[in-house]
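Colleague:
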Amino acid sequence: MYDKSRLSRNEQYSLAYTTKQSPYLESVQEKTIASCPIARQMVSPVQGAFLKFLVQMSKATRVLEIGTLTGYSALCMAEGLKERGSEAKLVTLEKDEENFKAAKENVESSGLGHLIELKLGDAMDTISNLDNSIQYDLIFIDADKRNYLNYYNTILERNLLSDDGIIAVDNALFGGHVSRVAEGKDLSQVPPSAKHIHSFNEYVANDQRTSQILLPCFDGVSLIRKNL
Ligand SMILES: C[S@@+](CC[C@H](N)C(=O)[O-])C[C@H]1O[C@@H](n2cnc3c(N)ncnc32)[C@H](O)[C@@H]1O
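For what it's worth, the numbering used here labels the leading residue of the sequence shown as -16, then goes sequentially.
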């Protein structure tokens, strides 16, 4: 979630003292802000740097992203994949044709196109049909909130996550609304997505198949791994 005009003092400070992103990533972000009506849904530059770091730290080779928008977060993660050799690949899923077209252009002119495969279509259909002889080391879920639980269960049931792999889930705090859902407060004021996210968070926290840490950074990021 990125609204340049509404960064808190801490967020401004954090941006100022995070290693500067590449000029290309910055240009994709600026272009998205100028042309895409839902640009606010894009991750911030600091979160993009976090995702790149996560790829590098986990030594991920295969990355799956659910929710491409214009390709900004995919490009951030692909930068982290550059050092992983010829097996490295990121697959990103988008259902909106306009967003897909913009992402394709951004990826093609990035110099990272050889690392990224874009798939157009509903992500539930796509992940249900992905070749499950290939497992992913990092899966970033950042699409429609009502399907988070379906994505999660399909990933685990189809064994798409490698044993050391991480699922990273964006918007786990959904603007702070999830705690209101948990407390049963002002439910009429709470966006439906917050209810879906709260049910998801609760389900995963109680799921014996995995362990989860819900980080109160950005708009909330959950990191989930399999219990082996
Ligand atoms: C939050 S944005 C993704 C932002 C992107 N990860 C970034 O930070 O640059 C969510 C995207 O998911 C797409 N989306 C929503 N529902 C989807 C679905 N069922 N299947 C595939 N894509 C979907 C939307 O069209 C939108 O582009």
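Glycine included, C-beta positions come from ideal geometry on N, C-alpha and C.
#1: What are the boundary residues of the beta strand (DSSP E) that S(-9) is part of?
#2: Would you list the residues sitting across from E77 in a DSSP beta bridge?
#3: Taking the alpha helix (DSSP H) that A188 belongs to, which residues open and close that run?
#4: Would Y0 be called buried (16 or more neighbouring beta carbons within 10 Å of its own) or exposed?
#5: So who's on the other strand from F123, going by DSSP bridges?
#6: With a Cβ-Cβ cutoff of 9 Å, do I117 and I49 count as a contact?
#7: Can you look up K72 in the DSSP assignment and give me helix, strand or coil?
#8: Going by DSSP in three states, S(-3) sits in which element: helix, strand or coil?
#9: Return yes when the C-beta of S93 is under 8 Å from any heavy atom of ligand 1, and no when it is not.
#10: Determine the burial state of G148: buried for a count of at least 16 other Cβ atoms within 10 Å of its Cβ, exposed for fewer.
Modeller: Inspection of the coordinates gives the following:
#1: Against the sequence shown, residue -9 aligns to sequence position 8. Run containing S(-9): none; DSSP gives neither H nor E here.
#2: The residue labelled residue 77 in the question sits at position 94 within the sequence shown. Looking at the DSSP assignment, E77 forms a beta bridge with L103.
#3: On the sequence shown, position 205 is the one that residue 188 refers to. Per DSSP, A188 belongs to the alpha helix (DSSP H) from P175 to A188.
#4: Taking the first residue of the sequence shown as 1, we reach residue 0 at position 17. Its Cβ having fewer than 16 others within 10 Å, Y0 is exposed.
#5: For the purposes of this step, residue 123 is identified with residue 140 of the sequence shown, where counting begins at 1. BP columns for F123 point to E48 and A151.
#6: Here residue 117 corresponds to residue number 134 of the sequence shown, with the count starting at 1. Here residue 49 corresponds to residue number 66 of the sequence shown, with the count starting at 1. In this structure, I49 does not lie closer than 9 Å to I117 by Cβ.
#7: As a position in the sequence shown, residue 72 is number 89, starting the count at 1. Three-state result, K72: strand.
#8: In the sequence shown, counting from the first residue as 1, residue -3 sits at position 14. Reduced to three states, the DSSP call for S(-3) is helix.
#9: In the sequence shown, counting from the first residue as 1, residue 93 sits at position 110. Checking every heavy atom of ligand 1 against the Cβ of S93, none is found closer than 8 Å.
#10: Along the sequence shown, read from residue 1 onward, the residue named residue 148 stands at position 165. Label assigned to G148: buried.
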